[in-house]
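S.K.: The structure follows.
Protein chains: 2
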Amino acid sequence: MTPPRYQRRKEDRPAEITAAAFETFAEKGYANARVEEVARRAGVSKGLLYLYFKTKEELFKAVIRSVVLPRVDGLLRQVEDRSKSPTAFIRGPVREFMQQLPGSPVAVIIKLMLTEGSRHPDLVEFYWDNVASRGLEALRTLLKRGIANGEFRETRLAEFPHLVIAPVVMAVIFRLLFQQQTLDSDALIDTHIEILLEHLAAEPEGSP
Amino acid sequence: MTPPRYQRRKEDRPAEITAAAFETFAEKGYANARVEEVARRAGVSKGLLYLYFKTKEELFKAVIRSVVLPRVDGLLRQVEDRSKSPTAFIRGPVREFMQQLPGSPVAVIIKLMLTEGSRHPDLVEFYWDNVASRGLEALRTLLKRGIANGEFRETRLAEFPHLVIAPVVMAVIFRLLFQQQTLDSDALIDTHIEILLEHLAAEPEGSP
DNA sequence: TACACTGCTGACCAATCAGTCAGTAAGAGA
DNA sequence: TCTCTTACTGACTGATTGGTCAGCAGTGTA
Numbered sequence: 207m208t209p210p211r212y213q214r215r216k217e218d219r220p221a222e223i224t225a226a227a228f229e230t231f232a233e234k235g236y237a238n239a240r241v242e243e244v245a246r247r248a249g250v251s252k253g254l255l256y257l258y259f260k261t262k263e264e265l266f267k268a269v270i271r272s273v274v275l276p277r278v279d280g281l282l283r284q285v286e287d288r289s290k291s292p293t294a295f296i297r298g299p300v301r302e303f304m305q306q307l308p309g310s311p312v313a314v315i316i317k318l319m320l321t322e323g324s325r326h327p328d329l330v331e332f333y334w335d336n337v338a339s340r341g342l343e344a345l346r347t348l349l350k351r352g353i354a355n356g357e358f359r360e361t362r363l364a365e366f367p368h369l370v371i372a373p374v375v376m377a378v379i380f381r382l383l384f385q386q387q388t389l390d391s392d393a394l395i396d397t398h399i400e401i402l403l404e405h406l407a408a409e410p411e412g413s414p
Numbered sequence: 207m208t209p210p211r212y213q214r215r216k217e218d219r220p221a222e223i224t225a226a227a228f229e230t231f232a233e234k235g236y237a238n239a240r241v242e243e244v245a246r247r248a249g250v251s252k253g254l255l256y257l258y259f260k261t262k263e264e265l266f267k268a269v270i271r272s273v274v275l276p277r278v279d280g281l282l283r284q285v286e287d288r289s290k291s292p293t294a295f296i297r298g299p300v301r302e303f304m305q306q307l308p309g310s311p312v313a314v315i316i317k318l319m320l321t322e323g324s325r326h327p328d329l330v331e332f333y334w335d336n337v338a339s340r341g342l343e344a345l346r347t348l349l350k351r352g353i354a355n356g357e358f359r360e361t362r363l364a365e366f367p368h369l370v371i372a373p374v375v376m377a378v379i380f381r382l383l384f385q386q387q388t389l390d391s392d393a394l395i396d397t398h399i400e401i402l403l404e405h406l407a408a409e410p411e412g413s414p
């Protein structure tokens, strides 16, 4: 009459465990997250967790992959879309992406990368290859496309796409650190984008 | 004939220990830094360290204070100096400060704040009160001063001094994370400052 | 030189936690 | 319904490390 103590759900366990691990890492950071707590949140024993993930570090990597990869691919695919002009693209999808980032799981991943990156060089490499470098490259392409079709002026900004996303990084960090301080990151990003577009649209000196 | 096993140097110990702790925290982060290692680097036993600092956390706070406070005061005092125009000030001291930051001990502190901040709320508060809010306020003052004397146009940028320093934060983080990837942060910051000044100097629309 | 004060040492303790494994029971297959 | 595979449990272990403290030895004083 007692219900079974557990159910066998081989298929679902890994995803449930990485989800629980994401929550736990988000709250505690890697070093302070207890494997036991991850297991408890996943409704599973510690032993089972170790059946699916060989070590805590393996688990960590699985979390990063599960959160980051689906998102990145979605965004980068949009850059391929040439139906929008670069200006419209920046005011549209880029702005939208930037505004939702500070509250998204990716922000948590960024924090974890900062926090734990130095101890997991292969993870940083993975992140660089799959996220950071691809994102910067996409922005650079976008800027160059605008310059090529005369929509943007020649500018060194095209060499530093970092400047486009710097305010988002700033906003993410600001929120992580000074949670009690409010920051209207949407307005911040709007202001930033207007400054950027103004710069990109300006005539070079000496032109009419 | 054997030299004394140690010397009594009550006065110097605290500074030597915080210096050793800074190095250790910089390399390992807080959680992974061993108190024993700090003591060894300071040429001191673990017991002595605990004589001067009650806990590892106290030590951590002392490190932050010792690195951050002297630097902040120096910089902020310059903003009081009204002999330079806001434009010259941004092109001069502000730019210089921004360019040297990524390689300075303050960058390490920023990393530590990010890494450990959530577990030391009182430290974050200290940092906010003494560093971040004062720095942002100084920038805001500078921008408003330029607007007031007609050197800068009216702009929402004055509400978001964060945008001025965002690229530095970006550069610091980029270096911390992707050490192998080179980033010409001086050029990045130069580009950023030119974009900013261009924006600040531009006539509002509708003006001659 | 003797003495006392205290800066300093390092062996030790207690707590924490990643990872293990012997055993249990769900539930598929016959 | 019985059997056998294996998903699953949770008590346990070994290693690590923050923090303690009894005593040792420099150093100033008389």
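Just so you know, the protein sequences line up as chains A and B, in that order. Mapping to our numbering: the first sequence position 59 is 265, numbers consecutive. Mapping to our numbering: the second sequence position 153 is 359, numbers consecutive. Note that beta-carbon positions come from the ideal geometry of N, C-alpha and C, so glycine has one too.
For the putative contact between ALA372 (chain A) and MET304 (chain B), defined by C-beta atoms under 8 Å, what is the C-beta separation to the nearest angstrom?
M.R.: Taking the first sequence and counting its residues from 1, the one referred to as residue 372 (chain A) is at position 166. Taking the second sequence and counting its residues from 1, the one referred to as residue 304 (chain B) is at position 98. No, ALA372 (chain A) and MET304 (chain B) are not in contact; Cβ-Cβ is about 12 Å, not under 8 Å.
S.K.: Since I believe LEU403 (chain B) is in contact with THR397 (chain A) (beta carbons under 8 Å), could you give me their beta-carbon distance rounded to a whole number of angstroms?
M.R.: Here residue 397 (chain A) is taken as the residue at index 191 of the first sequence, counted from 1. Here residue 403 (chain B) is taken as the residue at index 197 of the second sequence, counted from 1. Not really, about 16 Å apart at Cβ, beyond 8 Å.
S.K.: Looking at the secondary structure, which residues open and close the alpha helix (DSSP H) in which ASN238 (chain B) lies?
M.R.: Indexing the second sequence from 1 puts residue 238 (chain B) at position 32. 219–238 is the extent of the alpha helix (DSSP H) around ASN238 (chain B).
S.K.: Evaluate contact between the stretch 356–367 of chain A and the stretch 330–340 of chain B, counting only Cβ atoms and requiring at least three cross-stretch pairs below 8 Å.
M.R.: The stretch 356–367 of chain A is not in contact with the stretch 330–340 of chain B.
S.K.: Where does the unbroken alpha helix (DSSP H) through GLU431 (chain A) begin, and where does it stop?
M.R.: For residue 431 (chain A) there is no data in the structure shown, the boundaries of chain A being 207 and 414.
S.K.: Where does PHE259 (chain A) fall in DSSP's three states?
M.R.: Residue numbering aside, residue 259 (chain A) sits at position 53 when the first sequence is read from its first letter. The answer is coil: DSSP assigns PHE259 (chain A) none of H, G, I, E or B.
S.K.: Taking only beta-carbon positions, decide if MET376 (chain A) is within less than 8 Å of chain B.
M.R.: For the purposes of this step, residue 376 (chain A) is taken as the residue at position 170 of the first sequence. Answer yes: the Cβ-Cβ gap between MET376 (chain A) and chain B drops below 8 Å somewhere.
S.K.: Expressed to the nearest angstrom, what Euclidean distance is found between the alpha-carbon atoms of SER310 (chain B) and THR361 (chain B)?
M.R.: Mapped onto the second sequence, residue 310 (chain B) falls at position 104. Mapped onto the second sequence, residue 361 (chain B) falls at position 155. Taking the straight line joining both Cα atoms gives about 32 Å.
S.K.: Three Cβ pairs or more, each shorter than 8 Å: is that satisfied between the stretch 215–231 of chain B and the stretch 251–270 of chain B?
M.R.: In short, these stretches touch, since the Cβ pair count reaches three.
S.K.: How about PRO327 (chain B) and ARG346 (chain B): do their beta carbons lie closer than 8 Å?
M.R.: Position 121 of the second sequence, counting from 1, holds the residue named residue 327 (chain B). Position 140 of the second sequence, counting from 1, holds the residue named residue 346 (chain B). No, the pair does not count as a contact, with Cβ atoms beyond the cut-off.
S.K.: Would LEU382 (chain A) pass as a contact of LEU320 (chain B) if the rule is Cβ separation under 8 Å?
M.R.: On the first sequence, position 176 is the one that residue 382 (chain A) refers to. On the second sequence, position 114 is the one that residue 320 (chain B) refers to. Yes.
S.K.: Would you decide whether SER413 (chain B) is buried or exposed? Buried here means 16 or more other CB atoms lie within 10 Å of its CB.
M.R.: In the second sequence, counting from the first residue as 1, residue 413 (chain B) sits at position 207. In this predicted model, SER413 (chain B) has a pLDDT of only 48, less than 50, meaning its place in the structure is not dependable; the value taken from the coordinates is given anyway. Exposed, since its Cβ has fewer than 16 Cβ neighbours within 10 Å.
S.K.: List the whole-angstrom C-beta distance separating LEU363 (chain B) from ILE401 (chain A), where the pair is believed to meet the contact cut-off of C-beta under 8 Å.
M.R.: Mapped onto the second sequence, residue 363 (chain B) falls at position 157. Mapped onto the first sequence, residue 401 (chain A) falls at position 195. Sure, about 7 Å apart at Cβ, within 8 Å.
S.K.: Would you tell me roughly how many angstroms separate the C-alpha atoms of GLN386 (chain B) and LYS234 (chain A), rounded to the nearest one?
M.R.: Counting from one through the second sequence, the residue named residue 386 (chain B) turns up at place 180. Counting from one through the first sequence, the residue named residue 234 (chain A) turns up at place 28. Cα to Cα, GLN386 (chain B) sits roughly 28 Å from LYS234 (chain A).
S.K.: Quick one: what's got a C-beta closer than 7 Å to LEU232 (chain B)'s C-beta in the same chain, skipping five residues either side?
M.R.: By 1-based counting over the second sequence, the position of residue 232 (chain B) is 26. Correcting the residue type first, residue 232 (chain B) is Ala in the shown sequence and not Leu. Cβ neighbours of ALA232 (chain B) beyond the five flanking positions: VAL314.
S.K.: By the 8 Å beta-carbon criterion, what residues does the stretch 319–330 of chain B contribute toward chain A?
M.R.: So the close ones are MET319, LEU320, THR321, GLY323, SER324, ARG325 and VAL330.
S.K.: Would a check of beta-carbon distances place ILE270 (chain A) closer than 8 Å to chain B?
M.R.: Walking along the first sequence from the start, residue 270 (chain A) turns up at place 64. With 8 Å as the cut-off, ILE270 (chain A) does not count as an interface residue toward chain B.
S.K.: Once you ignore the five residues that flank TYR258 (chain B) on each side, which residues in its own chain have a CB closer than 8 Å to its CB?
M.R.: Translated into positions along the second sequence, residue 258 (chain B) becomes position 52. Closer than 8 Å at Cβ, skipping near neighbours: ARG219, PRO220 and ILE223.
S.K.: Which residues in chain A sit within 8 Å of PRO373 (chain B), going by Cβ to Cβ distance?
M.R.: The residue you call residue 373 (chain B) lines up with position 167 of the second sequence. Per Cβ cutoff of 8 Å: HIS368, LEU369 and ALA372.
S.K.: Contact check, PRO308 (chain A) vs GLN284 (chain A) under 8 Å by CB: the rounded distance?
M.R.: One-based indexing of the first sequence puts residue 308 (chain A) at position 102. One-based indexing of the first sequence puts residue 284 (chain A) at position 78. Incorrect: roughly 19 Å between the Cβ atoms, too far for contact.
S.K.: Measure the alpha-carbon distance for ARG211 (chain A) versus GLY249 (chain A) and round it to whole angstroms.
M.R.: Here the question's residue 211 (chain A) lines up with position 5 in the first sequence. Here the question's residue 249 (chain A) lines up with position 43 in the first sequence. Their Cα atoms are separated by approximately 11 Å.
S.K.: Can you give me the start and stop residues for the alpha helix (DSSP H) that GLU331 (chain A) sits inside?
M.R.: The residue given as residue 331 (chain A) occupies position 125 in the first sequence. Start and end: 327–333.
S.K.: Take VAL378 (chain B) and list the residues in its own chain whose beta-carbon comes closer than 8 Å to its own, dropping the five residues that flank it on each side.
M.R.: Position 172 of the second sequence, counted from the first residue, corresponds to residue 378 (chain B). Cβ within range, chain order: LEU307, PRO308, ALA313, ILE316 and LYS317.
S.K.: Measuring only between beta-carbons, confirm whether THR261 (chain A) sits less than 8 Å from chain B.
M.R.: As a first step, residue 261 (chain A) is located in the first sequence; it is residue number 55 there, counting from the start. So, not an interface residue.
S.K.: Would you verify that the beta carbon of ILE401 (chain B) is, or is not, closer than 8 Å to some beta carbon of chain A?
M.R.: As a first step, residue 401 (chain B) is located in the second sequence; it is residue number 195 there, counting from the start. So yes, ILE401 (chain B) belongs to the interface.
S.K.: What do you get for GLY323 (chain B), buried or exposed, if any count of 16 or more other CB atoms within 10 angstroms of its CB means buried?
M.R.: Taking the second sequence and counting its residues from 1, the one referred to as residue 323 (chain B) is at position 117. Result: buried.
S.K.: I'd like to know whether the C-beta of PHE231 (chain B) is nearer than 8 Å to at least one C-beta of chain A.
M.R.: Residue mapping note: residue 231 (chain B) aligns to position 25 of the second sequence, counting from 1. So, not an interface residue.
S.K.: If the cut-off is 9 Å on Cβ atoms, which residues from the stretch 328–359 of chain B count as contacting chain A, listed in chain order?
M.R.: Taking 9 Å as the Cβ-Cβ cut-off against chain A, the residues of the stretch 328–359 of chain B that qualify are VAL330, GLU331, TYR333, TRP334, ALA338 and SER339.
S.K.: For ARG211 (chain B), name the three-state secondary structure that DSSP assigns.
M.R.: Taking the second sequence and counting its residues from 1, the one referred to as residue 211 (chain B) is at position 5. Coil.
S.K.: Can you list the alpha helix (DSSP H) stretches of 4 or more residues lying completely in the stretch 299–323 of chain A, in chain order?
M.R.: Complete alpha helix (DSSP H) runs here, min 4: 301–306 and 311–322.
S.K.: Strictly under 8 Å for the Cβ-Cβ distance: is GLU302 (chain A) near chain B by that measure?
M.R.: The residue given as residue 302 (chain A) occupies position 96 in the first sequence. GLU302 (chain A) does not count as touching chain B.
S.K.: Using the Cα positions of LYS350 (chain A) and VAL274 (chain A), report the straight-line distance between them to the nearest angstrom.
M.R.: Reading the first sequence from its first residue, position 144 is the one you call residue 350 (chain A). Reading the first sequence from its first residue, position 68 is the one you call residue 274 (chain A). C-alpha separation (whole angstroms): 26 Å.
S.K.: Put VAL337 (chain B) into one of helix, strand or coil per three-state DSSP.
M.R.: Walking along the second sequence from the start, residue 337 (chain B) turns up at place 131. Of the three classes helix, strand and coil, the one that applies to VAL337 (chain B) here is helix, per DSSP.
S.K.: Going by DSSP in three states, LYS290 (chain B) sits in which element: helix, strand or coil?
M.R.: If you number the second sequence from 1, residue 290 (chain B) lands on position 84. Coil, per DSSP.
S.K.: So ASN336 (chain B) and ARG325 (chain A) are supposed to be a Cβ contact under 8 Å. How far apart are they, rounded?
M.R.: Taking the first residue of the second sequence as position 1, residue 336 (chain B) is located at position 130. Taking the first residue of the first sequence as position 1, residue 325 (chain A) is located at position 119. About 29 Å; that fails the 8 Å criterion.
S.K.: Taking just the CA atoms, how far does GLU302 (chain B) sit from THR261 (chain B)?
M.R.: Stepping through the second sequence from its first residue, residue 261 (chain B) is reached at position 55. Stepping through the second sequence from its first residue, residue 302 (chain B) is reached at position 96. Their backbone Cα atoms lie some 37 Å apart in a straight line.
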